[in-house]
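Undergrad:
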Amino acid sequence: MKRLLITASLAAAGLLASAEPADSTAHGIDEVVVTGTRNSTDIRHLPMTISVVGRDKLTEKQHTNVLPTLSEQVPGLFVTARSIAGYAVSDGRAGDISIRGLGSGAGRIMVLIDGHPQYQGIFGHSISDSYQTLMAEQVEVLRGPASMLYGSNAMGGVINIVTRKMPADGVKTDINIGAGSYGTFQSELTNRIRKGKFYSILAGQYSRSDNHRRQMDFEQYGGYLKLGYDISQNWNVYADADITHFNASYPGSVQVPVYDARQWITRGVVSAAVENKYERTSGALSAYYNFGRHKINDGYEDGEEPQKNYFRSDDALIGLSFYQSAQLFRGNRITVGADMQHIYGKAWNKVIATGEDLAPIGDESENEIAVYADFRQDITPWLTVDAGIRADHHSQAGTEWIPQGGLVFRTPRDGELKAMVSKGYRNPTIREMYFWRPANSDLRPERMMNYEISWKQRLMDGAFRYGVNLFYINGDNLIQNVRTDNGPKNINTGAIENSGIEAEWSWRIDRHWALNNNYSLLHMHNKVVAAPEFKGFIGASYKNGRWKANAGLQYIDGLYTETGAAETKENFCLLDLSVSYEACRNIMLWGRGENLLAQKYEINRGYPMPRATFMGGVMIRL
11 MKRLLITASL
21 AAAGLLASAE
31 PADSTAHGID
41 EVVVTGTRNS
51 TDIRHLPMTI
61 SVVGRDKLTE
71 KQHTNVLPTL
81 SEQVPGLFVT
91 ARSIAGYAVS
101 DGRAGDISIR
111 GLGSGAGRIM
121 VLIDGHPQYQ
131 GIFGHSISDS
141 YQTLMAEQVE
151 VLRGPASMLY
161 GSNAMGGVIN
171 IVTRKMPADG
181 VKTDINIGAG
191 SYGTFQSELT
201 NRIRKGKFYS
211 ILAGQYSRSD
221 NHRRQMDFEQ
231 YGGYLKLGYD
241 ISQNWNVYAD
251 ADITHFNASY
261 PGSVQVPVYD
271 ARQWITRGVV
281 SAAVENKYER
291 TSGALSAYYN
301 FGRHKINDGY
311 EDGEEPQKNY
321 FRSDDALIGL
331 SFYQSAQLFR
341 GNRITVGADM
351 QHIYGKAWNK
361 VIATGEDLAP
371 IGDESENEIA
381 VYADFRQDIT
391 PWLTVDAGIR
401 ADHHSQAGTE
411 WIPQGGLVFR
421 TPRDGELKAM
431 VSKGYRNPTI
441 REMYFWRPAN
451 SDLRPERMMN
461 YEISWKQRLM
471 DGAFRYGVNL
481 FYINGDNLIQ
491 NVRTDNGPKN
501 INTGAIENSG
511 IEAEWSWRID
521 RHWALNNNYS
531 LLHMHNKVVA
541 APEFKGFIGA
551 SYKNGRWKAN
561 AGLQYIDGLY
571 TETGAAETKE
581 NFCLLDLSVS
591 YEACRNIMLW
601 GRGENLLAQK
611 YEINRGYPMP
621 RATFMGGVMI
631 RL
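So, in structure tokens, the structure goes:
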């Protein structure tokens, strides 16, 4: 299957020689992103590797979460899952995002919404079930370290969800309702308003599922609200809030069943920002409050007694961020900024029978303060140089210096050759330093260096695009749970050495047909779970009149579900298909089938994934 996917991609690329150029008006050559600089920048001038997944691609299969689409469309990125609904509901590493072999479960991947971190204070990661498609205009994925701009937790990369905008006066409402296999129901609503200088975005979502195993029910509801005001042509102010709550049960692995295991989790972010944008300068000052409330019954195994206590935890991240970017002279852009964060976490047990709170397991906080500067200069019309440095001080781990540098060569016929060197780092989490037996308050930051070179080109007025990049990662000081004479302990003893190749292409054949393909090869000197050695995807989309159809084939090989003495690997092939029909101007009917080959496979060891599943529904636009 690996050979088949690569051969198919090369064969399709070979058809270019006889293809007619596509309509250039439908395919812009430039892509503007904020990830990588914090200000709007033409992606062609940035040395780092950034994938942009637009709203059309995010919504074409009617997923309520952005992660399934990112896992298909972004090479080198993989997301663990355990059922038809609910990513993070299990004790089997579900909802972990891996980029080039570094996973988000340990806090090595930064997730942002409009540049604001989605971070869980105790455990060091965010909740995967909260990344709702309904509020996303596009998702920008920076593969490789972004610690120079975003600090700790951006060691392996950044996922930035850019929310939708309302450019003109009016009111627009979208309602999406669907149902399908295993009692699954999904619904979402988005309302956007603009009246002169005032604008608002309101989104709501509810979903539930029994899922494919007993004691695996899942229920989630959440909402997003953004209120903004254009003070002038150059100044804007806004405030927003994003809150998600889910209730779920999980059955444990098939080898070791668990009973009465349940989770009640609420996560949210509230933020406010003032932005300025002039011809030669732009910047922003923002404040954000990220919070989480967790109530968990860990359940019991065969032969054990039911739990007498709930696990409870509260966490918060309070942050203040400032940056200002300016063009000092022709072809120049310098950005300076500062970040401050206060991270707090408290954990305790509550007696189920009486509701009594027991003594805290831990009640700790950390502080970070950082300043950075990034300098970018167009030396010639075809050469851009970028260099930056960050100084980050952590109240427990000390001070860290993070450099970054890169070159961009723009060639004729819209080609770009990029070279990048960047450092990534991660400060230890509150849990790793203070909570539970392996804790070690003397932990130091994890560190790694990333080296990569990439080539991208756009042909046929942007109708055909392709790219390939090579990378090498070398890191040390990784935090591992090591068994000592005094029991398990977190120690900075781990190492990482990963290398690989990522390739992708997309082709808008004509106004009806489009193809896209990506694949990634990953070599890990030290094997880790949830990071496949090979990931390939080929997709096709068709549009004719009121009909749209999308098909995708994804192949995973060398996916470790267990390392060490009991090493196990999985390989599988997933075929998905979605169809939609515009019944009238305001109503669209849709259907989706996943794993249509009925593959038997696991992503998390002991958690078999469902066979073929189906969903159908209606989209209403008002």
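Quick note on the numbering used here: the sequence shown kicks off at 11 and runs consecutively.
Just so it is clear, CB atoms sit at the ideal spot from N, CA and C, and this is done for glycine as well.
Which whole-angstrom value describes the C-beta separation of Y404 and E374, a residue pair presumed to lie in contact below a C-beta threshold of 8 Å?
TA: The residue given as residue 404 occupies position 394 in the sequence shown. The residue given as residue 374 occupies position 364 in the sequence shown. For the sequence presented, residue 404 should be read as His rather than Tyr. With 8 Å as the limit, H404 and E374 do not qualify as a contact, their Cβ atoms being about 13 Å apart.
Undergrad: Taking DSSP as the reference, what is the three-state secondary structure of I53?
TA: As a working mapping, residue 53 is identified with position 43 in the sequence shown. The answer is helix: DSSP assigns I53 an H, G or I state.
Undergrad: I need the boundaries of the beta strand (DSSP E) containing T276, first residue and last residue.
TA: In the sequence shown, counting from the first residue as 1, residue 276 sits at position 266. R272 to K287 is the extent of the beta strand (DSSP E) around T276.
Undergrad: Assign I444 to one of three DSSP states: helix, strand, or coil.
TA: If you number the sequence shown from 1, residue 444 lands on position 434. A small correction: the amino acid at residue 444 is Tyr; Ile does not occupy that position in the sequence shown. It is helical.
Undergrad: Using the C-alpha atoms, what's the distance from Q142 back to Q387?
TA: By one-based count along the sequence shown, residue 387 stands at place 377. By one-based count along the sequence shown, residue 142 stands at place 132. Distance between the alpha carbons of Q387 and Q142: 37 Å.
Undergrad: To the nearest angstrom, report how far apart M158 and G626 are at their CA atoms.
TA: Residue mapping note: residue 158 aligns to position 148 of the sequence shown, counting from 1. Residue mapping note: residue 626 aligns to position 616 of the sequence shown, counting from 1. About 44 Å.
Undergrad: How would you write the range of the alpha helix (DSSP H) that R158 sits in, first residue to last?
TA: In the sequence shown, residue 158 corresponds to position 148, counting from 1. Here residue 158 is Met; the residue named in the question, Arg, does not match the sequence. Element bounds for M158: S157 to Y160.
Undergrad: Is the separation between the beta-carbon of A282 and that of A297 shorter than 8 Å?
TA: Counted from its first residue, the sequence shown places residue 282 at position 272. Counted from its first residue, the sequence shown places residue 297 at position 287. Yes, these two residues count as a Cβ contact at 8 Å.
Undergrad: Could you check how far apart the C-beta atoms of F445 and A357 are, in whole angstroms? I think they sit under 8 Å.
TA: For the purposes of this step, residue 445 is identified with residue 435 of the sequence shown, where counting begins at 1. For the purposes of this step, residue 357 is identified with residue 347 of the sequence shown, where counting begins at 1. Yes, F445 and A357 are in contact; Cβ-Cβ is about 6 Å, under 8 Å.
Undergrad: Could you give the distance in angstroms between the alpha-carbon of M59 and the alpha-carbon of S464?
TA: On the sequence shown, residue 59 is found 49 positions in, with the first residue counted as 1. On the sequence shown, residue 464 is found 454 positions in, with the first residue counted as 1. With the sequence shown as reference, residue 59 is identified as Thr, and Met is not the correct amino acid for it. Going by the C-alpha atoms only, they are around 8 Å apart.
Undergrad: Report yes or no: do the segment 254-269 and the segment 124-140 share at least 3 C-beta pairs separated by less than 8 Å?
TA: Judged by Cβ distances under 8 Å, the segment 254-269 makes contact with the segment 124-140, as three or more pairs qualify.
Undergrad: So does the segment 415-422 actually touch the segment 433-447, counting three or more Cβ pairs closer than 8 Å?
TA: The segment 415-422, when compared against the segment 433-447, does not touch it at the 8 Å Cβ threshold.
Undergrad: If you follow the alpha helix (DSSP H) that D66 is in, where does it begin and where does it stop?
TA: For the purposes of this step, residue 66 is taken as the residue at position 56 of the sequence shown. Segment R65 to T69, the alpha helix (DSSP H) holding D66.
Undergrad: To the nearest angstrom, how far is it from the Cα of V43 to the Cα of M534?
TA: Numbered from its first residue, the sequence shown carries residue 43 at position 33. Numbered from its first residue, the sequence shown carries residue 534 at position 524. Going by the C-alpha atoms only, they are around 30 Å apart.
Undergrad: Please return the same chain residues whose Cβ sits closer than 7 Å to the Cβ of S259, not counting the five positions on each side in sequence.
TA: In the sequence shown, residue 259 corresponds to position 249, counting from 1. So the qualifying residues of the chain are Q225, M226, D227, A271 and R272.
Undergrad: CA-CA distance, K67 and S61?
TA: For this step, residue 67 is matched to residue 57 along the sequence shown. For this step, residue 61 is matched to residue 51 along the sequence shown. Taking the straight line joining both Cα atoms gives about 13 Å.
Undergrad: With DSSP run on the structure shown, which of helix, strand or coil describes A116?
TA: As a working note, residue 116 is residue 106 in the sequence shown. DSSP places A116 in helix when its eight states are reduced to three.
Undergrad: Compute the Euclidean distance between the alpha carbons of S219 and A622, then round it to the nearest angstrom.
TA: The residue you call residue 219 lines up with position 209 of the sequence shown. The residue you call residue 622 lines up with position 612 of the sequence shown. Using only the alpha carbons, I get a separation of about 15 Å.
Undergrad: Around the C-beta of F339, are 16 or more other C-beta atoms found within 10 angstroms, so that it is buried, or is it exposed?
TA: Counted from its first residue, the sequence shown places residue 339 at position 329. Result: exposed.
Undergrad: Using three-state DSSP, classify Q243 as helix, strand or coil.
TA: The residue labelled residue 243 in the question sits at position 233 within the sequence shown. Q243: coil per DSSP, three-state reduction.
Undergrad: Can you name, in chain order, every residue of its own chain whose Cβ lies under 6 Å from the Cβ of L237, other than the five neighbours on each side?
TA: As a first step, residue 237 must be located in the sequence shown, where it is residue number 227. S210 and A249.
Undergrad: If you drop the 5 nearest sequence neighbours on each side, which residues of the same chain put their C-beta closer than 7 Å to that of K553?
TA: As a first step, residue 553 is located in the sequence shown; it is residue number 543 there, counting from the start. Cβ within range, chain order: H522.
Undergrad: Here's the rule I'm using: 16 or more other beta-carbon atoms within 10 Å means buried, otherwise exposed. How should R556 be labelled?
TA: Taking the sequence shown and counting its residues from 1, the one referred to as residue 556 is at position 546. Result: exposed.
Undergrad: Please report the distance separating the alpha-carbon of I412 from that of V538.
TA: By 1-based counting over the sequence shown, the position of residue 412 is 402. By 1-based counting over the sequence shown, the position of residue 538 is 528. Cα to Cα, the separation comes out at about 25 Å.
Undergrad: Identify whether S331 lies in helix, strand or coil by the three-state DSSP scheme.
TA: Counting from 1 along the sequence shown, the entry for residue 331 is found at position 321. The answer is strand: DSSP assigns S331 an E or B state.
Undergrad: Go to Q490, then tell me how far its beta strand (DSSP E) extends in each direction, as first and last residue.
TA: To locate residue 490, count along the sequence shown from 1; it is residue 480. F474 to T494 is the span of the beta strand (DSSP E), which, as asked, contains Q490.
Undergrad: Residues in the same chain with beta-carbon distance under 6 Å from G262, minus the five sequence neighbours each way, listed in chain order, please.
TA: Locating residue 262 in the sequence shown gives position 252, counting from the first residue. Counting only Cβ-Cβ distances below 6 Å, and skipping sequence neighbours, we find V268.
Undergrad: Report the residue ranges of all beta strand (DSSP E) runs contained in full by the segment 143-231; include only those spanning at least 3 residues, in chain order.
TA: Correct list: 146-153, 167-173, 180-190, 194-205 and 208-219.
Undergrad: Check L80 in the structure and name its three-state DSSP category.
TA: The residue you call residue 80 lines up with position 70 of the sequence shown. Reduced to three states, the DSSP call for L80 is helix.
Undergrad: Below 6 Å CB to CB, which residues in the same chain sit around F195 once its five sequence neighbours on both sides are set aside?
TA: Counting from one through the sequence shown, the residue named residue 195 turns up at place 185. Here the set comprises A189 and R218.
Undergrad: P498: buried (16+ other C-beta within 10 angstroms of its C-beta) or exposed?
TA: Taking the first residue of the sequence shown as position 1, residue 498 is located at position 488. So P498 counts as exposed.
Undergrad: With DSSP collapsed to three states, give me the class of G434.
TA: Position 424 of the sequence shown, counted from the first residue, corresponds to residue 434. Of the three classes helix, strand and coil, the one that applies to G434 here is strand, per DSSP.
Undergrad: Tell me the residue span of the beta strand (DSSP E) that contains I137.
TA: On the sequence shown, residue 137 is found 127 positions in, with the first residue counted as 1. Run containing I137: none; DSSP gives neither H nor E here.
Undergrad: Go ahead and pull the three-state DSSP assignment for A622.
TA: In the sequence shown, residue 622 corresponds to position 612, counting from 1. If DSSP states are grouped into helix, strand and coil, A622 belongs with coil.
Undergrad: Would you call the CB atoms of A541 and F88 closer than 8 Å?
TA: Position 531 of the sequence shown holds residue 541. Position 78 of the sequence shown holds residue 88. Yes, the Cβ-Cβ distance between A541 and F88 is below 8 Å.
Undergrad: For a test of the three-state rule: what should DSSP assign to A505, helix, strand or coil?
TA: Residue 505 sits at position 495 when you count from the first residue of the sequence shown. Looking at A505 - three-state DSSP - the assignment turns out to be strand.
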